[in-house]
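*Asks:* These protein sequence lines are chains A and B, in that order. For the first sequence, the positions run 1 to 408 when the numbering used here is used. For the second sequence, the positions run 409 to 816 when the numbering used here is used. Ideal Cβ positions, reconstructed from N, Cα and C, are used throughout, including at glycine.
Number of protein chains: 2
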Amino acid sequence: MSLVNGKAGPANGSPRGVAADQLRRHNLATVLEHLHLGGAATRSQLTAFSGLNRSTIADLIGELSDLGLVAEARGTTRSGPGRPSPVAQVVPEGAVVLAVEVSVDSMAVATVGLGGHVFNQIRIARSRGQFHPQTTVNDIAEMARPLLSALPAQYNLVGMGAAIVGIVRRHDGLVHLAPNLGWRELPLGEMLADTLDLNVPVHVANDADLGALGEHRRGGLGQVSHIVYIGAEVGIGCGLIIDGVPLLGSAGYAGEVGHMFVNPDGHECRCGATGCWETEAGEKALLGRVESLSAVSGLEAVDAVVKLAAGGDADTLQAISDTGHWLGVGISNIVNLFNPEVIVLGGLYHRLFEYLEHSVNEGASRALHASRKMVQIKESVVGQNATLVGASELALAELIDDPANAAN
Amino acid sequence: MSLVNGKAGPANGSPRGVAADQLRRHNLATVLEHLHLGGAATRSQLTAFSGLNRSTIADLIGELSDLGLVAEARGTTRSGPGRPSPVAQVVPEGAVVLAVEVSVDSMAVATVGLGGHVFNQIRIARSRGQFHPQTTVNDIAEMARPLLSALPAQYNLVGMGAAIVGIVRRHDGLVHLAPNLGWRELPLGEMLADTLDLNVPVHVANDADLGALGEHRRGGLGQVSHIVYIGAEVGIGCGLIIDGVPLLGSAGYAGEVGHMFVNPDGHECRCGATGCWETEAGEKALLGRVESLSAVSGLEAVDAVVKLAAGGDADTLQAISDTGHWLGVGISNIVNLFNPEVIVLGGLYHRLFEYLEHSVNEGASRALHASRKMVQIKESVVGQNATLVGASELALAELIDDPANAAN
DNA sequence: AACATTTGTTGCATTGTCGAACATATAAGG
DNA sequence: CCTTATATGTTCGACAATGCAACAAATGTT
Chain A
1 MSLVNGKAGP
11 ANGSPRGVAA
21 DQLRRHNLAT
31 VLEHLHLGGA
41 ATRSQLTAFS
51 GLNRSTIADL
61 IGELSDLGLV
71 AEARGTTRSG
81 PGRPSPVAQV
91 VPEGAVVLAV
101 EVSVDSMAVA
111 TVGLGGHVFN
121 QIRIARSRGQ
131 FHPQTTVNDI
141 AEMARPLLSA
151 LPAQYNLVGM
161 GAAIVGIVRR
171 HDGLVHLAPN
181 LGWRELPLGE
191 MLADTLDLNV
201 PVHVANDADL
211 GALGEHRRGG
221 LGQVSHIVYI
231 GAEVGIGCGL
241 IIDGVPLLGS
251 AGYAGEVGHM
261 FVNPDGHECR
271 CGATGCWETE
281 AGEKALLGRV
291 ESLSAVSGLE
301 AVDAVVKLAA
311 GGDADTLQAI
321 SDTGHWLGVG
331 ISNIVNLFNP
341 EVIVLGGLYH
351 RLFEYLEHSV
361 NEGASRALHA
371 SRKMVQIKES
381 VVGQNATLVG
391 ASELALAELI
401 DDPANAAN
Chain B
409 MSLVNGKAGP
419 ANGSPRGVAA
429 DQLRRHNLAT
439 VLEHLHLGGA
449 ATRSQLTAFS
459 GLNRSTIADL
469 IGELSDLGLV
479 AEARGTTRSG
489 PGRPSPVAQV
499 VPEGAVVLAV
509 EVSVDSMAVA
519 TVGLGGHVFN
529 QIRIARSRGQ
539 FHPQTTVNDI
549 AEMARPLLSA
559 LPAQYNLVGM
569 GAAIVGIVRR
579 HDGLVHLAPN
589 LGWRELPLGE
599 MLADTLDLNV
609 PVHVANDADL
619 GALGEHRRGG
629 LGQVSHIVYI
639 GAEVGIGCGL
649 IIDGVPLLGS
659 AGYAGEVGHM
669 FVNPDGHECR
679 CGATGCWETE
689 AGEKALLGRV
699 ESLSAVSGLE
709 AVDAVVKLAA
719 GGDADTLQAI
729 SDTGHWLGVG
739 ISNIVNLFNP
749 EVIVLGGLYH
759 RLFEYLEHSV
769 NEGASRALHA
779 SRKMVQIKES
789 VVGQNATLVG
799 ASELALAELI
809 DDPANAAN
């Protein structure tokens, strides 16, 4: 939570100084974020966590309560003497967002409230054909309508977040390139805003970036603040959390790892190069290694591989292991560059994690010893919904960062 | 400048809430940093920059002036009517640091004051043999002594920063591994503190990380906040600035790019793999490509290459160009991962920049189009002293971040 | 020389947090 | 059941920092 002044300032650039109101904003945000991510907490816990005085905490909670974002209840059973501290928790309907995910094999929409409460969620399969963008946007609107009307009375919609399998410019939601959807230079942010017409801010981001955000905030990683999320459907996506903050790059294009070079003797890639990470560790690479499948492709083929692996088919296990090896080799580069604490595997790798784990670790042993030793390679905890959860967190962030101004 | 509370707090973790004193600290830091990096400024310019009230700026400058960090002078010639605004500027001797650099071919020590004012500097050649660590530390102490006694009266020494060609754990200055110095798990921070006995905080960091910091802060890059610095002596080093903040990784080991994989048909590397970036674009790769030099090695060989290139020797130019190509290929991976605005080439690449530029750009064209288009590959502006400057900035950062508490 | 303009200076208002005193709710012990 | 210790909420005044308005000062313009 940075404390950069957000109010309108003098002409040249944003003001760097900070006044008392920004201090209040920061403290409100800190308390609300803690409740949002950590669940219910007593006032005395909040006092300890924040380092603020109990009078201040009382005041902050009072304001959040007036805003309809937090509610207090009588403290439950406690140990030890002393006046019981009331338990504060977020009110989910106090701030609701619409989360959207457009992946290769499915599309999902969810209504999510403060605290990560999912009111409702729909996921539909999507064939791999390329659809006209406006058709997709209309489908999203169609899926969203019933979810929005099913929300409890008096809900407060504050934003919308969309995760897209593609390269997205953050500040305006322009989809620069989404090969698997057939989109290019598409002003998706605008289109969603216009078509859904919800009168709330629309955020669009890359799916892996949001997968990382979802895992960071809801993946039970506690105080871990350097995380790399790696997911695959057709291509390989990578999202990075550095010091607790998403790494976006200057335009939002950071984390494009698919065409990192890993294998001297690899296959030719659609990008023209040879031995790209995607070519060696992506879905197509995996499927190509399972001989009995050569005819099938896409999601059905992946499902078949999962089934074969579960059945203990030696060929399939070897194919998965080979894929894991190249996955690990790429990971070693990433470990050297970022020195993260955790690498989270999502998407395809999440489905196959138990069969991949060993060979990934073996492949990653190429990395610098000191960095390698301290990093843990794990499977996604949030699982299939990591990107959708990330999209909701993205949309909620604006409110959490400035509860007083964003709530109404 | 993050506004995280730094004062002693309750037992579990650092406090997240912020009180008025931290606000003051933030504003003092903002003003001082602006003067430190941007040079002299009138009060009215500071008012515009910070967004704070004129009374507040007057008060802040008053405090910085009382601390001996800033001095005001009568405003010089101005255009337009109105009462002239006094010009504030930093007092270099108000906060002085000792900056140290231990590279492969040289060692340097400098006394640097606020505003980046270099009081004195010594650089000595260093042969490539491996020296006992304590000998090196003693040499540094020896070099530092005359510099410290040559400082103006009443100077205030506030810290020391050391740049090391090796992998350094940030929080305690442990040199995990420095192959070119022959060091391993060496508590250099402690050794410097004990031997120099200056009674100030000692910071140790990787040379490329500090090169990046030096370029970011004194490289005339203005508001650019996503920078990758790439330097080479024997190996390739990489330092990253993300959103204006150094990327260190969870232990400080981030940016280890030397063994990134780039060339399928490459040479064998000392790490055991084949086609590492270092093997293809490092010093040895370059020297190996210049046939007429094959016997010579080290700094003399590099000097010879520079001379041959300046003389227009076709073989040499081709060798440099080939090296540049592989440098560019590695850069394309980095561009894809970080989406930076500027890549700064230092060290060996700085010396050869005019001969490399074209082939580096060609090699980098592999990168994602959108990211490639927006990044500029430049040569270092600070030049040979980038890492030394970075070391001084590192040591000064503590004071700038909290002028009131760190100044005395 | 009068005026407009910009900026420093001063004193008070406002905002936000802290701290002390008091009130309240629980557990433990007799 | 009553008393006591303890932890925490509540209240109100103190304190710190910034903002604001009125005034003063220094400069350019006419």
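Leaving aside the five residues before and after A:R25 along the sequence, list all residues of the same chain whose C-beta is less than 7 Å from its C-beta, in chain order.
*Replies:* If you number the first sequence from 1, residue 25 of chain A lands on position 25. Taken in chain order, the residues that qualify are D402 and A404.
*Asks:* Which residues of chain A have a Cβ atom closer than 7 Å to the Cβ of B:Y661, listed in chain order?
*Replies:* Position 253 of the second sequence, counted from the first residue, corresponds to residue 661 of chain B. Near B:Y661 (Cβ distances below 7 Å), the residues of chain A are N339, L368, A370 and S371.
*Asks:* Between B:L594 and chain A, is any beta-carbon pair separated by less than 9 Å?
*Replies:* Reading the second sequence from its first residue, position 186 is the one you call residue 594 of chain B. It does not; no Cβ of chain A falls within 9 Å.
*Asks:* So, helix, strand or coil for A:A29, using DSSP?
*Replies:* As a position in the first sequence, residue 29 of chain A is number 29, starting the count at 1. It is helical.
*Asks:* DSSP on B:G567, reduced to helix/strand/coil?
*Replies:* Along the second sequence, read from residue 1 onward, the residue named residue 567 of chain B stands at position 159. Correct three-state label for B:G567: strand.
*Asks:* Among A:E93, A:S79 and A:A73, which has the Cα closest to the Cα of A:P86?
*Replies:* In the first sequence, the residue the question calls residue 86 of chain A occupies position 86. Among A:E93, A:S79 and A:A73, the Cα nearest to that of A:P86 belongs to A:A73.
*Asks:* Please name the residues in the stretch 22 to 54 of chain A whose beta-carbon is closer than 7 Å to at least one beta-carbon of chain B, in chain order.
*Replies:* Of all residues in the stretch 22 to 54 of chain A, L23, H26, N27, T30, A48, F49, S50, G51 and L52 have a Cβ within less than 7 Å of some Cβ in chain B.
*Asks:* So that I know if they touch, is there some Cβ in chain B lying closer than 9 Å to that of A:P179?
*Replies:* Counting from one through the first sequence, the residue named residue 179 of chain A turns up at place 179. Chain B, which has no Cβ nearer than 9 Å to the Cβ of A:P179, makes this no.
*Asks:* From what residue to what residue does the beta strand (DSSP E) around A:P187 run?
*Replies:* Here residue 187 of chain A refers to the residue found at position 187 when the first sequence is read from its first residue. Note, A:P187: beta strand (DSSP E), W183 to P187.
*Asks:* From the DSSP secondary-structure annotation, give me the bridge partner or partners of B:Y637.
*Replies:* Here the question's residue 637 of chain B lines up with position 229 in the second sequence. Its beta-bridge partners are B:G647 and B:V752.
*Asks:* Output yes or no for whether 9 Å exceeds the beta carbon distance between A:V302 and A:L287.
*Replies:* As a first step, residue 302 of chain A is located in the first sequence; it is residue number 302 there, counting from the start. As a first step, residue 287 of chain A is located in the first sequence; it is residue number 287 there, counting from the start. For A:V302 and A:L287, yes; Cβs fall inside 9 Å.
*Asks:* Ends of the beta strand (DSSP E) at A:E101?
*Replies:* Looking up residue 101 of chain A in the first sequence gives position 101. A:E101 -> beta strand (DSSP E) spans V96 to V102.
*Asks:* Here's a check: name, in chain order, each residue in its chain whose Cβ is nearer than 6 Å to the Cβ of A:E33, leaving out the five neighbours to either side.
*Replies:* Reading the first sequence from its first residue, position 33 is the one you call residue 33 of chain A. These residues qualify, in order along the chain: I400.
*Asks:* Using the C-alpha atoms, what's the distance from A:A19 back to B:A772?
*Replies:* The count along the second sequence starts at 1 and reaches residue 772 of chain B at position 364. The count along the first sequence starts at 1 and reaches residue 19 of chain A at position 19. B:A772 and A:A19: Cα-Cα distance of roughly 45 Å.
*Asks:* Taking C-alpha atoms, which residue in B:P609, B:I572, B:T464 and B:H579 lies nearest to B:R592?
*Replies:* As a position in the second sequence, residue 592 of chain B is number 184, starting the count at 1. Checked all of B:P609, B:I572, B:T464 and B:H579; the closest Cα to B:R592 is B:I572.
*Asks:* Which same chain residues end up closer than 6 Å to A:V4 when comparing Cβ atoms and leaving out the 5 residues on each side of it in sequence?
*Replies:* If you number the first sequence from 1, residue 4 of chain A lands on position 4. Note on A:V4: pLDDT 37, under 50, position unreliable in the model; no value is reported.
*Asks:* Using the rule of at least 16 other Cβ atoms within 10 Å of the residue's Cβ for burial, across every protein chain shown, is B:I742 buried or exposed?
*Replies:* In the second sequence, the residue the question calls residue 742 of chain B occupies position 334. Buried: at least 16 other Cβ atoms inside 10 Å.
*Asks:* Restricting to Cα atoms, I'd like to know which of B:G483, B:A496 and B:S463 is closest to B:L472.
*Replies:* For the purposes of this step, residue 472 of chain B is taken as the residue at position 64 of the second sequence. Among B:G483, B:A496 and B:S463, the Cα nearest to that of B:L472 belongs to B:A496.
*Asks:* Might you give, ordered along the chain, the residues of its own chain that have their beta carbon closer than 8 Å to the beta carbon of B:H634, omitting 5 neighbours on each side?
*Replies:* The count along the second sequence starts at 1 and reaches residue 634 of chain B at position 226. Hits under 8 Å: I649, I650, D651, F746, N747, P748, E749 and V750.
*Asks:* Between the Cα of A:V97 and the Cα atoms of A:E398, A:S392, A:A406 and A:A397, which residue gives the shortest distance?
*Replies:* Here residue 97 of chain A refers to the residue found at position 97 of the first sequence. Among A:E398, A:S392, A:A406 and A:A397, the Cα nearest to that of A:V97 is on A:S392.
*Asks:* Run through chain A and tell me which residues come within less than 7 Å of B:L655, C-beta to C-beta.
*Replies:* Your numbering for residue 655 of chain B matches position 247 in the second sequence. The answer, in chain order, is I242.
*Asks:* Return helix, strand or coil for B:P654, following the three-state DSSP convention.
*Replies:* Working through the second sequence from its first residue, we reach residue 654 of chain B at position 246. B:P654 falls in the strand class under three-state DSSP.
*Asks:* Is A:I377 close to chain B? Criterion is C-beta to C-beta, closer than 9 Å.
*Replies:* Here residue 377 of chain A refers to the residue found at position 377 of the first sequence. No, no contact with chain B.
*Asks:* Compare the beta carbon distance of B:G459 and A:P15 with 9 Å and say whether it is the shorter of the two.
*Replies:* Sequence index remark: in the second sequence, residue 459 of chain B carries index 51 (1-based). Sequence index remark: in the first sequence, residue 15 of chain A carries index 15 (1-based). Their beta carbons are under 9 Å apart, which means B:G459 touches A:P15 by this criterion.
*Asks:* Quickly, what does DSSP pair B:A496 with across the bridge? List them, please.
*Replies:* Locating residue 496 of chain B in the second sequence gives position 88, counting from the first residue. Bridge partners of B:A496: B:A449 and B:E480.
*Asks:* To be precise: take each residue of the stretch 186 to 215 of chain A, compare its Cβ to all Cβ atoms of chain B, and keep it if any distance is under 7 Å. Which residues remain?
*Replies:* Listed in sequence order: no entries.
*Asks:* Let me see if you follow: with CB-CB separation under 9 Å, is B:H579 close to chain A or not?
*Replies:* Your numbering for residue 579 of chain B matches position 171 in the second sequence. For B:H579, the answer is no, since every Cβ of chain A falls outside 9 Å of its Cβ.
*Asks:* Within 10 angstroms of the Cβ of B:A718, are there 16 or more other Cβ atoms? Answer buried if so, exposed if not.
*Replies:* Your numbering for residue 718 of chain B matches position 310 in the second sequence. Label assigned to B:A718: exposed.
*Asks:* Between the stretch 141 to 175 of chain A and chain B, which residues of the former have a C-beta closer than 9 Å to a C-beta of the latter?
*Replies:* Going along the stretch 141 to 175 of chain A in chain order, one finds I167 and R169 with a Cβ nearer than 9 Å to chain B.
*Asks:* Could you check if B:D429 is buried or exposed, using at least 16 other CB atoms within 10 Å of its CB as the buried criterion?
*Replies:* Walking along the second sequence from the start, residue 429 of chain B turns up at place 21. Exposed, by the Cβ-count rule.
*Asks:* Less than 9 Å between CB atoms is the rule here; does B:A681 satisfy it with respect to chain A?
*Replies:* Position 273 of the second sequence, counted from the start, is the residue given in the question as residue 681 of chain B. Answer yes: the Cβ-Cβ gap between B:A681 and chain A drops below 9 Å somewhere.
*Asks:* Could you give the residue range of the alpha helix (DSSP H) that holds B:S557?
*Replies:* By one-based count along the second sequence, residue 557 of chain B stands at place 149. It spans P541 to S557 - the alpha helix (DSSP H) in which B:S557 sits, taken as one unbroken run.
*Asks:* Check whether the stretch 683 to 694 of chain B touches the stretch 347 to 360 of chain A, counting contact only when three or more Cβ pairs, one atom from each stretch, lie closer than 8 Å.
*Replies:* Verdict: no, contact absent.
*Asks:* Among A:H350, A:E190 and A:A110, which one has its Cα closest to the Cα of A:D172?
*Replies:* Sequence index remark: in the first sequence, residue 172 of chain A carries index 172 (1-based). Among A:H350, A:E190 and A:A110, the Cα nearest to that of A:D172 belongs to A:E190.
*Asks:* For B:N741, return the contacting residues in chain A, with the cut-off set at a CB-CB distance below 8 Å.
*Replies:* Taking the first residue of the second sequence as 1, we reach residue 741 of chain B at position 333. The answer, in chain order, is M260, F261 and N333.
*Asks:* Taking the beta strand (DSSP E) that A:V109 falls in, what are its first and last residues?
*Replies:* Counting from 1 along the first sequence, the entry for residue 109 of chain A is found at position 109. Element bounds for A:V109: S106 to G113.
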